[in-house]
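Here the structure comes first, spelled out in structure tokens, and everything after it is commentary.
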Amino acid sequence: MKALKVFLVALLTVSMLCMTGCWNYRELEEIAIVTGFAVDKGKNGYPYKVTFEFLDPKEQQPKPRYLITQGKTIFEAMRNAIADSERRLYFPDAKILVISKDLAASGVAPIFDFVLRDQELRITMIPVVSTAPTAGEMLQRQGISSTLISLDIWKAISESKENLSESPNIQLYEAVNLLDGDGCALVLATIKPIQQGELETVELDGSAIFKKDKLVGYIKREDTKFLSFVRNKVQGGLLVFSPENDGQNITLEIFGSKTKITPEIQGDQVTMNINVEVQASLAEDTTVKNYVTRDGIEKAEASAQKYLESGIQQLIEKTQKNFGCDIFCFGKTISQYHPDYWNIVKDKWDQEFTKVKCNVTAKVKIDITGVTKDKIKVSENG
Amino acid sequence: MSNQKITRKQMQSILFMFWTGSLVVAASNKEVKQDYWICLLISALLFLPIICIYDRLIKLYPGKNLFEINDAVFGKLVGHIITAIYIMYAILLASQLTKIFAVFIRVVNMAETPELITAAFMVLVGALVVTRGPENIARLAKYTWLVIVIILFTFFAGFKDMEFSNMLPVMNSDFPTILKVSAIGLILPLGESVLCLTLISNIRPEENIKKIFLKALVFNTIIYIIVAIRNVAILGPSTNMYYFPSYEAVSIISLKEFFSRFEVLIGINLMLNGSIKFCVCLYASSLGLSHIFKLPNYKAFTASCAILIITLMQLLYQDLQQFFNFIPYGAISSVPYEIILPIATWIGAEIRARMSSGTKSSKTSTNNSPEKT
Amino acid sequence: MESGKLSSQIVEESKLTTSLTDNIVLIRTIFKNNDTLTMRQLETPTDPAIKFCLFFSDGMVNNRLINQDIIRPLLEYRPDKKEPDLIDLIAKNITLSDTVEKTTDMEKIVQAIVYGDTVLLADGFMEALVLNTKGWQSRSIEEPENERILKGPREGFTESLMVNLSLLRRRIRTPDFKMEYLNLGVRTKTHACICYIDGIAAPEVLKELKSRLQKINIDGILDVNYISEIIKDKPNSPIETIGSSERADVIAAKLLEGRVALVVDGTPVVLTVPHLFIEYFQSDEDYFINYMFASINRILRILAFIFSISMPALYLSLATFHQEMLPTSLIMSIAAARQGVPFPTIVEGTFMLVIFEMLRESGSRMPGNMGTALSIVGALVIGQAAVQAKIVSAPLIIIVAVTGIAGLMVPLIKGIGVPLRFILLFLSGLIGLYGYMFGMLAFLAYIFSVTSFGVPILTSAYSNDQQDRKDILHRTSWKNMITRPKYLSPNKIRNSSKGDSL
């Protein structure tokens, strides 16, 4: 009797397991790993056209393949992809989200909301805006260092903050925070198509500025560097400037930078005191003068400071005049230090932002000059 | 097998894992946002008097579990009614916990697996542990350190992703809101430990209950605060948009591209803690039932309670939004079990103690008086 | 003689008489069809003629002992008269044997003849004398095959109870070392001996062991495993709760820690109770080599056990449920390796594990000259050809190979290791990593609750004493091993001298 009971229970269990199946069981060779996707405005009345770049696991070397689908919503477009491909697309590896400038102009919030809500898409994706007419064509260009262009873009942006600092490294969840939080405007990296010899590829091209969630304009790469300084996100990069303003430049390599912003409120006037401290080394001197001396270094530091201060000041004024959105997160800083004042002005911050005065002080310290302590002298004789 | 007593450290571990069982849902609150850690501190402070109540109850009735104390204080009939209330509470709590776990796995990881399957695993393992004796719960709880290690690891690994400016401004919310959220934090999860009193009869009698609870409370508050800070610092103001902010926060952390995406560890954490909490609830309900029906062995009821729990789990809520919206009301509905009943028991116990010591002291005074004169 | 009764039944019913001829007939009836029984009849050379008869089993006795210690003194005995207490006289004054016992118990007499003693019967007396003349061949003392070590004593037990006991006695010379005999098995009547050190061994365990042994009612005991399965705490559980070893130094060490040993005649394996879980991973070599290296080895063994049960399950759950935990390049290479493989990973995994178990089992039983054939089959056919024919995928072969090797590192734990491997594999095939964790949790819950003669086998789970943990994950130096494991012995202090005298 006991044996019969055990047998029956075992039979029930096994049949239950076999008939119902393993629900989330996915074999590796069945999946197509999507590395990036691009969202465009669709034609023929479809609001969204989505392009996927994915890896075909059949090949030994990863080779990118593309899939273009349309749909009323992004998710529908993604699911429509199954009708076209034999495999189910696998999204947790997707690293890049390219948004076309038209779609960005009409608002990115619905796209971000979908990515955040979806279970498979990771919130560490990097959204970028494409300056080409469509975003999809960006994905179909070729990468230089890896065969997949999405990986190229992703690596470029990730490493930029340490090496170039000319593109904002904003991941999707940070972008959502920027949209959600008060007193900060959204800034995303931008890419543009270029021709590199025979290769058609893309290049980072500064940043795109958003008012609320709509695209309003672009900032050049050099200005993005100043923006990164204000936002305290510079970890590396170069400062190239001409100390005598005569077109001959020296290069400083940045090793560390810290920015402190303190707001000062007097009555209705808000002054932001921006204090930038940079630690650099003198990397290259292409002038006819010699800056690799004690005096030279001091002069270089002074002119670097001036370069930074004027650059940041100009950028702030330009932004205030042309765009009117607080990409420097002054509002957030005010809300953290003067929450009462912030409660008063936060509803009309866009106007108040244009009236903010800035006090920029920069301090550049050059402590080393590479491995040589003197400059090559070209002998006068013979 | 039941000669082994639970040691002090094991009880601490049980309490700690019991409280962190709901860590995954209780890690942040949308009304106070970044000041949640202050609420956690206040909840811990508010819990101290309740610890004293527990301690006093145990001292007055050493070696007895919660149900026996109720019987001794209120008499058999009322005591049994109160026991029945506690049983109901334990089963409710266990089914809520199972639902959280099943929902977590479904929302975050594997959407197609029916909730029944994942819940069945937890219930089966819990039933296995409980039928083998309460000291097994204690032995399993010893593995608390794994949970702590995981949490600390995620905290330090995420250090460079944290922006501590997200924690400012401090005390942004007004005090009444903070108090309200602290009260909720007091009730779930701290107050639920009234069910742990059923296990306390297995502790060695000379242990100091106050110290046990205090140590566990300190640990627990520290871990909760660490988790709250980690979540808010990494995710920023959008923390409360997610159902499970801990999970999203850890998914952002990556060390050097190779060691990334280990957010499944959060699920493992939840599973370990939740299992212990589930075992305690199951044990409490089986023990209560065997107490009412005067059976010597609680093991007879384990299976039935387990099935009851898993059935209830599927009926509890219609959808997840309702579940999350209900949490503050759930707190209010737990107040009778967690606060009113223990306080009533304590008052009753004190009255009884006074009455019995009153007769004793009158005897000793008559003995003393001849010496005085 | 014509009765259809069995000899054992005759033994139960009969008794010795004073008539020598009747006794002779009785014994010969009992040993009917037993041609090894040898009879030697003697008479004293003088008058009155006192008749004696010796019975012994040929081949079990040392003939020289019989000749010199029994026959000669008897033949040199020249009494003047017939003594009324002749038997006592022989026992005390005449025979040269070292062990003499006077008895009327037929059972004992028959046992004695069977076991190699000589039984002396005298005419006119009801009692018989049992004289020790044992001398059979037994295996010489050598190192046991499956418990080899690099450095240390190499004495292993043999099949003779006396030799084994002598090995233990030589190592533990305190008079507190007690050895109590008992007989087990209805037909085999195997000699066994319970050994323990009085004052260190836990009295409850001893009592429990004795009472369980009393309850054994089985035909024959050929090996200790028969006993251990009957007296185990949970006979249906695959976990060993009774330890065993073939090495003398191991048993001596365990006795010194407070365990009780059971030595059984006819097998070199000696049982010890209680048996803790950690003993699977301890090897006595750990104590003969440097403690740091020993600790590394011990940790390796524990890790190997964990790997051997987890690796297939983890690989399965990572590759089929939680692909996001793998780095992208790894996903690509596994996917590329799995192209064209028809079976799902879980089927592959089960299949390869079963094949590996077959290989292992056949490898342990085959004669030496088949070795090359087996390795060729194993390596080439299964490894190479199966992968190329796309029946299994290369990553899985690696996983199974590592699992197998890790599993062989702790041979004793195969009993639970192998089934657990499969169970965890199925569970993780159901809901991924959560299934694996639940399986491990259930396994932990299970072994926490197993007791060995009242002592929980996973004591490290809840002893917080520093001293109790000193021999579990690592072996601390002898200086620090001051106490015995708390749950084994009430007598805690291991050495009365302070550690710093070392």
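Residue numbers (numbering that gives the first Met the number 0), protein chains in the order written: chain A, 0 to 381; chain B, 0 to 372; chain C, 0 to 501.
Glycine included, every Cβ here is placed at the ideal spot set by N, Cα and C.
All of these numbers come straight from a predicted model, not from anything done at the bench.
Presumed contact (8 Å Cβ cut-off) between residue i and residue j, rounded CB distance
i                      : j                      : result
residue 272 of chain C : residue 263 of chain C : Residue 272 of chain C to residue 263 of chain C, Cβ: 13 Å. No contact.
residue 177 of chain B : residue 37 of chain B  : 6 Å
residue 45 of chain A  : residue 71 of chain A  : 6 Å
residue 507 of chain C : residue 56 of chain C  : A query on residue 507 of chain C cannot be resolved here, the shown segment of chain C reaching from 0 to 501 and no further.
residue 277 of chain B : residue 93 of chain B  : 5 Å
residue 240 of chain A : residue 248 of chain A : 6 Å
residue 243 of chain A : residue 148 of chain A : That pair is no contact at about 42 Å.
Identified DSSP bridge partners for residue i
i                      : result
residue 189 of chain A : A:128
residue 52 of chain C  : C:40 and C:120
residue 190 of chain C : C:182
residue 263 of chain A : A:270
residue 283 of chain A : A:250
residue 455 of chain C : C:450
residue 177 of chain C : C:195
residue 202 of chain B : B:5
residue 244 of chain C : C:269
residue 195 of chain A : A:198
residue 99 of chain A  : A:129
residue 261 of chain C : C:193 and C:270
residue 357 of chain A : A:271
residue 51 of chain A  : A:36 and A:66
residue 256 of chain A : A:277
residue 445 of chain A : Outside the modelled stretch of chain A, which goes from 0 to 381, sits residue 445 of chain A, for which no answer is possible.
residue 87 of chain A  : A:30
C-beta atoms of residue i and residue j nearer than 7 Å
i                      : j                      : result
residue 279 of chain C : residue 411 of chain C : yes
residue 441 of chain C : residue 127 of chain B : yes
residue 143 of chain B : residue 15 of chain B  : yes
residue 65 of chain A  : residue 139 of chain A : yes
residue 391 of chain C : residue 347 of chain C : yes
residue 198 of chain A : residue 337 of chain C : no
residue 260 of chain B : residue 323 of chain C : yes
residue 245 of chain C : residue 268 of chain C : yes
residue 13 of chain B  : residue 140 of chain B : yes
residue 65 of chain C  : residue 76 of chain C  : no
residue 92 of chain A  : residue 30 of chain A  : no
residue 154 of chain C : residue 247 of chain C : yes
Span of the beta strand (DSSP E) around residue i
i                      : result
residue 69 of chain A  : 63 to 70
residue 320 of chain A : Looking at the DSSP string, residue 320 of chain A is not in any beta strand (DSSP E); the run it does join, the alpha helix (DSSP H), is 293 to 321.
residue 236 of chain A : 236 to 240
residue 204 of chain A : 198 to 210
residue 35 of chain A  : 30 to 40
Endpoints, the alpha helix (DSSP H) within which residue i is located
i                      : result
residue 327 of chain C : 327 to 336
residue 187 of chain B : Per DSSP, residue 187 of chain B belongs to no alpha helix (DSSP H) and is neither H nor E.
residue 183 of chain A : Here residue 183 of chain A belongs to no alpha helix (DSSP H), and DSSP marks it neither H nor E.
residue 356 of chain C : 344 to 364
residue 140 of chain C : Looking at the DSSP string, residue 140 of chain C is not in any alpha helix (DSSP H), and its letter there is neither H nor E.
residue 285 of chain C : 284 to 287
residue 102 of chain B : 75 to 107
residue 10 of chain C  : 6 to 12
residue 143 of chain A : Note, residue 143 of chain A: premise wrong, no alpha helix (DSSP H); not H, not E.
Decide if the segment 47 to 65 of chain B is in contact with the segment 241 to 249 of chain B; the criterion is three or more beta carbon pairs, one per stretch, under 8 Å apart. Because the criterion of three Cβ pairs below 8 Å is not met, the segment 47 to 65 of chain B and the segment 241 to 249 of chain B do not touch.
Spell out a yes or no on whether the segment 166 to 179 of chain A and the segment 113 to 132 of chain A are touching, meaning 3 or more CB-CB pairs, one atom from each, closer than 8 Å. As far as the Cβ criterion goes, the segment 166 to 179 of chain A touches the segment 113 to 132 of chain A, which means the pair count is three or higher.
Three CB pairs or more closer than 8 Å across the segment 219 to 228 of chain B and the segment 84 to 91 of chain B: They do not touch, by the three-pair rule.
Tell me, please, whether the segment 417 to 425 of chain C touches the segment 298 to 315 of chain C by the rule of three or more beta-carbon pairs shorter than 8 Å. Cβ pair count under 8 Å is three or more, so yes.
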